[in-house]
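A.B. asks: Going down the list, the protein sequences come from chains A and B.
Numbered per the working numbering, the first sequence spans residues 1 to 437.
Numbered per the working numbering, the second sequence spans residues 1001 to 1437.
Could you have a look at this structure, given as structure tokens, before my questions?
Protein chains: 2
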Amino acid sequence: FCALAVLARASGTEPESTAALLRDRALADTTAYRLVESLTTDVGARPAGSAADGAAVAWAVARFHALGYDKVYTEPVTFPVWRRVAESASVTGPVPRRLLITALGGSVGSGGPLQADVIAFEDVQALQAASPAAVQGRIVLLTRRMARRADGSGYAAVLPMRSAAASIAARKGARALLIRSLGTDNNRLPHTGSVVYEGGAAIPAAAVSGPDTDLLERLLRGTRPVEVRLDIEVDTGARYTSYNVIGEITGREPTREVVMMGAHLDSWDLGTGAVDDGFGVAVTMAAGAMIKAAHQVPARTVRVVLFANEENGFDGAQAYAARHAADRASHRIAVESDWGAGRIYALRHVPADPVLTGRLARVLQPLGIALDGAEGVPGPDVAFVAKRGAPWAQLAQDAADLFDHHHSANDTLDKIDPAALRQNVAAYAAFAWLMAN
Amino acid sequence: FCALAVLARASGTEPESTAALLRDRALADTTAYRLVESLTTDVGARPAGSAADGAAVAWAVARFHALGYDKVYTEPVTFPVWRRVAESASVTGPVPRRLLITALGGSVGSGGPLQADVIAFEDVQALQAASPAAVQGRIVLLTRRMARRADGSGYAAVLPMRSAAASIAARKGARALLIRSLGTDNNRLPHTGSVVYEGGAAIPAAAVSGPDTDLLERLLRGTRPVEVRLDIEVDTGARYTSYNVIGEITGREPTREVVMMGAHLDSWDLGTGAVDDGFGVAVTMAAGAMIKAAHQVPARTVRVVLFANEENGFDGAQAYAARHAADRASHRIAVESDWGAGRIYALRHVPADPVLTGRLARVLQPLGIALDGAEGVPGPDVAFVAKRGAPWAQLAQDAADLFDHHHSANDTLDKIDPAALRQNVAAYAAFAWLMAN
Ligand SMILES: [Zn+2]
Ligand SMILES: [Zn+2]
Ligand SMILES: [Zn+2]
Ligand SMILES: [Zn+2]
């Protein structure tokens, strides 16, 4: 890293040239890959409230220290624990067939096996329009397929099936909800994600793999009723204290606002949380490490926040927002990496400062990143400080493939392209440096 | 079908024009798709010796009749039953991790949980070279990856890991064998297939999903021993009588040799046997149905044979060969569809008759099928009559994607391209017509 420091001095210390050096150094650096390899190998799945949640926190603290961060600390986050214990489903008539399903995060259990006829609707709108008499006593199946889009916008279109439909079905008297997995793949691996019950209207809710949903649809085209048996056992009631893990590179002017980069440390239980969000953890930790290793001190403090329990309640983000929104040192900008493992193609929602945006545009352009003027969206954790007024930005990633693996057992290390990972680190490091100076 | 009969008469009844008409008619026909849709929906997985094996036999008999075949009959095939009861595996040290595995067909059970350190080898050659002292008391892991090739030849290169390695490991004192799944995908779905024990050297044998094998390899690069716990329960000992199901279009000259098209009716238990070998069942049944519907009687009888238990013993093929090799009406040619769901690109191993090969070349050329002069291989069931001297041919399919899904839970209807299926039916119908006349 000495060579870099020398080069930085040689080419002047103005922010733009240092940002460009950080960018180029990151494109040849393997720190991020080694981080996500270690997180997925040595810790693995780390659902909020599990033993691995604690292991992940310890891992993150140790890694921040090893990477040379100036300040490493944790902030407690307490939440109710939801744990998948067992889940199974099968068609019992007209022909016996096994179904591959997974309970949605937060689902209530079925209290033993539950058996009922299936009634299918294409989406939440069709379910809302259905008469309670048609739904009463049945298992509701929602069948809409998610569209593949480079910006991942197909997800928002089907998300109400997972988040909102269970309570709608419950209020019409349904006994359980099954949904086509929110995914763009055709693997027999269901995709989990959290369900949100409204006003206590809670029935068991599970996602069915795509090919198994196809099978149910074909059986439902027959003349005989399709009966499904569902058995979901969950463990709830306990409370757990996890931690947001924070690492900082202390700035020269510590009373100024911080530049915050976030990701979430927890993951779902089915895969190993490589893409969601081991990738983001690795990108932000490595980007901070690049800055530290540059041997130039940024003007503002660079803060990397690894949030607790994003997946099943956003508890870490809420705790962070409550604690830090009114900090003396509040946020210069907050940015989050939690949208898959694709390359970044756009930077959005940056301050309207022509000197700054000119620098950002020039430094990011060689990475294929444009300031495309789109409005953008904050990351899911950053959204909570954004709501309280913190400035935020988005480094928008190509998400065309994200939903092939998202929230399924397939979220494993092999789904990460090391070159795309390095491009992300380069962008975050350069962006953070320019925002910090 | 009347229009076709009229057209056939209008353009003369010589074999080539009728073959061309059958080909073109098949390209617009949905019979095959409806067959494989029904087999995978109404029967599903049909492992040899299961209740679904019987359901599949009844399904095939009924469908042959419904398709207008002149003669439909079954021939008994008796074999020992192997049934998967339960299987699980996990890494117990240095970190607890769940592994996604599946027992190989024919594997012995573990007699309860079995726990041992893992020793990895790249392939069978490396295992053979290992000293028994290194292997003794351990679980052997074979890690070689299968290469993706259009002709599927990557499979043969890794097949000994599945078929032969267990006994080699057993003779060196290993307690169990794990292999990287024989597949070209990166899904967390293990691929099964049969193990062959040699001389009673039997230890539990299972396939690990690709990403889980990656994890084991990463853990093994660490300094601490990697311990795995494996629990495989199987059910063996019973004998079962299934049936080869045969449908015939009776020829004008029934004392002449038959034209035989084969596929296997059984499947593995994990998927629904759509590609392997519902596709072949649909292709051959539909090709015969096209010939029947042409309202012209072929000179030779066209026989479609759906073999019992190809997957776990070739028992149907052996019974058929023993019974029919010496038939008065023996085989003009035997051909089999059991190499995935890809398009056919070559016809191989046809009789050296210039008039016949000229016709075949001209009729198949519009389908993108060439008589490329390669030696070819008989299908796995046809190989048994071929060994006894029956002439055979190969309609070679593109198998670049076959091993993404082969023998895994992912072998479902959505993996079949209806257009490729129709191209296969067109080729089989035209080929059979030309061979029968
Ligand atoms: Zn996430
Ligand atoms: Zn997520
Ligand atoms: Zn097969
Ligand atoms: Zn097979």
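We put the CB at the ideal spot given by N, CA and C, even for glycine.
Keep in mind that this is a model prediction, so the values were computed, not measured.
How is the alpha helix (DSSP H) around valine 61 (chain A) delimited, first residue to last?
C.D. replies: Translated into the one-based positions of the first sequence, residue 61 (chain A) becomes position 61. Run containing valine 61 (chain A): 51–66, per the alpha helix (DSSP H) assignment.
A.B. asks: Run the CB neighbour count on histidine 406 (chain A), radius 10 Å, all protein chains shown included, and call it buried at 16 or more, exposed below.
C.D. replies: Counted from its first residue, the first sequence places residue 406 (chain A) at position 406. Buried, by the Cβ-count rule.
A.B. asks: Any Cβ of chain A within less than 7 Å of the Cβ of glycine 1044 (chain B)?
C.D. replies: Taking the first residue of the second sequence as position 1, residue 1044 (chain B) is located at position 44. Yes, because at least one Cβ of chain A sits closer than 7 Å to the Cβ of glycine 1044 (chain B).
A.B. asks: For a test of your reading of the model: does the CB of aspartate 1315 (chain B) fall under 6 Å from any non-hydrogen atom of ligand 1? Yes or no.
C.D. replies: The residue labelled residue 1315 (chain B) in the question sits at position 315 within the second sequence. Not so, every heavy atom of ligand 1 lies at least 6 Å from the Cβ.
A.B. asks: Give the secondary structure of serine 167 (chain A) by DSSP, where H, G and I count as helix, E and B as strand, and everything else as coil.
C.D. replies: Residue mapping note: residue 167 (chain A) aligns to position 167 of the first sequence, counting from 1. Note: serine 167 (chain A) maps to helix in three-state DSSP.
A.B. asks: Whole angstroms are fine: how far does the CA of glycine 210 (chain A) sit from the CA of valine 186 (chain A)?
C.D. replies: Against the first sequence, residue 186 (chain A) aligns to sequence position 186. Against the first sequence, residue 210 (chain A) aligns to sequence position 210. For the sequence presented, residue 186 (chain A) should be read as asparagine rather than valine. Asparagine 186 (chain A) and glycine 210 (chain A): Cα-Cα distance of roughly 6 Å.
A.B. asks: I'd like to confirm the pairing. Which residues does DSSP put opposite arginine 84 (chain A) in its beta bridges?
C.D. replies: For this step, residue 84 (chain A) is matched to residue 84 along the first sequence. In DSSP, arginine 84 (chain A) forms a bridge with A:Val234.
A.B. asks: Applying the 10 Å Cβ sphere with the 16-neighbour rule, what's the burial state of glutamine 1071 (chain B)?
C.D. replies: Here residue 1071 (chain B) refers to the residue found at position 71 when the second sequence is read from its first residue. Note that residue 1071 (chain B) is lysine in the sequence shown here, rather than glutamine. Exposed, since its Cβ has fewer than 16 Cβ neighbours within 10 Å.
A.B. asks: Just checking my contact of threonine 143 (chain A) with glutamine 115 (chain A) at CB under 8 Å: how many whole Å lie between their CB atoms?
C.D. replies: By 1-based counting over the first sequence, the position of residue 143 (chain A) is 143. By 1-based counting over the first sequence, the position of residue 115 (chain A) is 115. Incorrect: roughly 21 Å between the Cβ atoms, too far for contact.
A.B. asks: Look at the alpha carbon of valine 1226 (chain B) and the alpha carbon of isoleucine 1119 (chain B), and state the distance between them as a whole number of angstroms.
C.D. replies: For this step, residue 1226 (chain B) is matched to residue 226 along the second sequence. For this step, residue 1119 (chain B) is matched to residue 119 along the second sequence. Roughly 8 Å between the two C-alpha positions.
A.B. asks: Where does proline 1076 (chain B) fall in DSSP's three states?
C.D. replies: Reading the second sequence from its first residue, position 76 is the one you call residue 1076 (chain B). Note: proline 1076 (chain B) maps to strand in three-state DSSP.
A.B. asks: Among the candidates A:Ile139, A:Ala427, A:Gly183, A:Gly247, whose CA atom is the shortest distance from the CA of aspartate 24 (chain A)?
C.D. replies: The count along the first sequence starts at 1 and reaches residue 24 (chain A) at position 24. The residue with the shortest Cα to Cα distance from aspartate 24 (chain A) is A:Ala427.
A.B. asks: I'd like the span of the beta strand (DSSP E) that includes glycine 316 (chain A), first residue to last.
C.D. replies: Within the first sequence, the letter at position 316 stands for residue 316 (chain A). Careful: glycine 316 (chain A) lies outside any beta strand (DSSP E), inside the alpha helix (DSSP H) at 315–324.
A.B. asks: With DSSP as the reference, please indicate the residues paired to alanine 207 (chain A) in a beta bridge.
C.D. replies: Stepping through the first sequence from its first residue, residue 207 (chain A) is reached at position 207. Paired residue(s): A:Thr102, A:Ile179.
A.B. asks: Spell out a yes or no on whether the region 226–235 of chain A and the region 186–200 of chain A are touching, meaning 3 or more CB-CB pairs, one atom from each, closer than 8 Å.
C.D. replies: With a cut-off of 8 Å, the region 186–200 of chain A and the region 226–235 of chain A do not count as touching, because too few Cβ pairs lie within range.
A.B. asks: Quick one: residues in its chain with C-beta nearer than 6 Å to the C-beta of proline 94 (chain A), no 5 flanking neighbours on either side, listed in chain order?
C.D. replies: Here the question's residue 94 (chain A) lines up with position 94 in the first sequence. For proline 94 (chain A), where only same-chain residues beyond five positions count, the Cβ hits under 6 Å are Arg224.
A.B. asks: Hey, how far is the Cα of arginine 323 (chain A) from the Cα of proline 354 (chain A)?
C.D. replies: The residue you call residue 323 (chain A) lines up with position 323 of the first sequence. The residue you call residue 354 (chain A) lines up with position 354 of the first sequence. Approximately 32 Å between the Cα atoms of the pair.
A.B. asks: May I ask you to check if the CB of aspartate 1276 (chain B) is nearer than 6 Å to at least one heavy atom of ligand 4?
C.D. replies: The count along the second sequence starts at 1 and reaches residue 1276 (chain B) at position 276. Aspartate 1276 (chain B) Cβ: within cutoff of ligand 4.
A.B. asks: Pull out every residue of the region 383–411 of chain A whose Cβ sits closer than 7 Å to any Cβ of chain B, in chain order.
C.D. replies: Those would be Ala409, Asn410, in chain order.
A.B. asks: In chain order, which continuous runs of the alpha helix (DSSP H) of length 4 or greater are located wholly inside the region 1337–1391 of chain B?
C.D. replies: Entirely contained in the region 1337–1391 of chain B, the alpha helix (DSSP H) runs reaching 4 residues are, in chain order, 1354–1364, 1382–1387.
A.B. asks: What would DSSP say about isoleucine 1333 (chain B), mapped onto helix, strand or coil?
C.D. replies: If you number the second sequence from 1, residue 1333 (chain B) lands on position 333. Isoleucine 1333 (chain B) falls in the strand class under three-state DSSP.
A.B. asks: Suppose only complete runs of 4+ residues qualify. What are the alpha helix (DSSP H) ranges in the region 1101–1156 of chain B, listed by chain order?
C.D. replies: Here the runs fully enclosed are 1124–1129, 1132–1135.
A.B. asks: When the Cα atoms are used, what is the spatial distance from arginine 439 (chain A) to glycine 222 (chain A)?
C.D. replies: Nothing can be reported for residue 439 (chain A), as the shown portion of chain A is limited to 1 through 437.
A.B. asks: Just how far apart, CA to CA, sit alanine 157 (chain A) and alanine 1294 (chain B)?
C.D. replies: Counting from one through the first sequence, the residue named residue 157 (chain A) turns up at place 157. Counting from one through the second sequence, the residue named residue 1294 (chain B) turns up at place 294. Looking at the two C-alpha atoms, the distance is approximately 49 Å.
A.B. asks: Ordered along the chain, which non-local residues of its own chain (more than five positions away) have a Cβ less than 6 Å from that of alanine 440 (chain A)?
C.D. replies: Since the first residue shown for chain A is 1 and the last is 437, residue 440 (chain A) is missing from the structure and cannot be characterised.
A.B. asks: In whole angstroms, what is the alpha-carbon distance linking serine 50 (chain A) and alanine 1060 (chain B)?
C.D. replies: If you number the first sequence from 1, residue 50 (chain A) lands on position 50. If you number the second sequence from 1, residue 1060 (chain B) lands on position 60. Straight-line Cα distance between these residues: approximately 50 Å.
A.B. asks: Can you pull the chain B neighbours of threonine 41 (chain A), defined as C-beta to C-beta under 7 Å?
C.D. replies: For this step, residue 41 (chain A) is matched to residue 41 along the first sequence. Going along chain B in sequence order, the residues near threonine 41 (chain A) (Cβ under 7 Å) are Leu1215, Arg1218, Leu1219.
A.B. asks: With the cut-off set at 7 Å, would you say isoleucine 232 (chain A) and alanine 207 (chain A) are in Cβ contact?
C.D. replies: Residue 232 (chain A) sits at position 232 when you count from the first residue of the first sequence. Residue 207 (chain A) sits at position 207 when you count from the first residue of the first sequence. No, they are not a contact pair.
A.B. asks: Just checking my contact of threonine 1074 (chain B) with tyrosine 1320 (chain B) at CB under 8 Å: how many whole Å lie between their CB atoms?
C.D. replies: Here the question's residue 1074 (chain B) lines up with position 74 in the second sequence. Here the question's residue 1320 (chain B) lines up with position 320 in the second sequence. Between tyrosine 1320 (chain B) and threonine 1074 (chain B) the Cβ distance is about 11 Å, and since that is not below 8 Å, they are no contact.
A.B. asks: In chain order, what residues of the same chain lie with their CB nearer than 6 Å to the CB of threonine 1241 (chain B), ignoring the 5 residues before and after it?
C.D. replies: The sequence position of residue 1241 (chain B) within the second sequence is 241, counting from 1. Around threonine 1241 (chain B): Pro1076, Thr1078.
A.B. asks: Looking at chain B, which residues of the region 94–114 of chain A have a Cβ within less than 9 Å of any of its Cβ atoms?
C.D. replies: Answer in chain order: Pro94, Val95, Pro96, Arg97, Arg98, Leu100.
A.B. asks: Let me check one thing: in DSSP terms, what residues is threonine 1241 (chain B) bridge-paired to?
C.D. replies: Here the question's residue 1241 (chain B) lines up with position 241 in the second sequence. For threonine 1241 (chain B), which the question treats as bridged, DSSP gives the partners B:Thr1078.
A.B. asks: With C-beta atoms as the reference, is alanine 238 (chain A) less than 7 Å away from valine 81 (chain A)?
C.D. replies: Taking the first residue of the first sequence as position 1, residue 238 (chain A) is located at position 238. Taking the first residue of the first sequence as position 1, residue 81 (chain A) is located at position 81. Yes, the pair counts as a contact, with Cβ atoms nearer than the cut-off.
A.B. asks: Strictly under 7 Å for the Cβ-Cβ distance: is aspartate 414 (chain A) near chain B by that measure?
C.D. replies: To locate residue 414 (chain A), count along the first sequence from 1; it is residue 414. Yes - at least one Cβ of chain B is within 7 Å of the one on aspartate 414 (chain A).
A.B. asks: So, with DSSP's three-state summary, where would you put alanine 1005 (chain B)?
C.D. replies: To locate residue 1005 (chain B), count along the second sequence from 1; it is residue 5. Residue placement at alanine 1005 (chain B) cannot be trusted, given a pLDDT of 49 that sits under 50; what the coordinates show is reported in the next sentence. In this structure, alanine 1005 (chain B) counts as helix in the three-state DSSP scheme.
A.B. asks: With DSSP as the reference, label alanine 1400 (chain B) as helix, strand or coil.
C.D. replies: On the second sequence, position 400 is the one that residue 1400 (chain B) refers to. Looking at alanine 1400 (chain B) - three-state DSSP - the assignment turns out to be coil, as it is neither helix nor strand.
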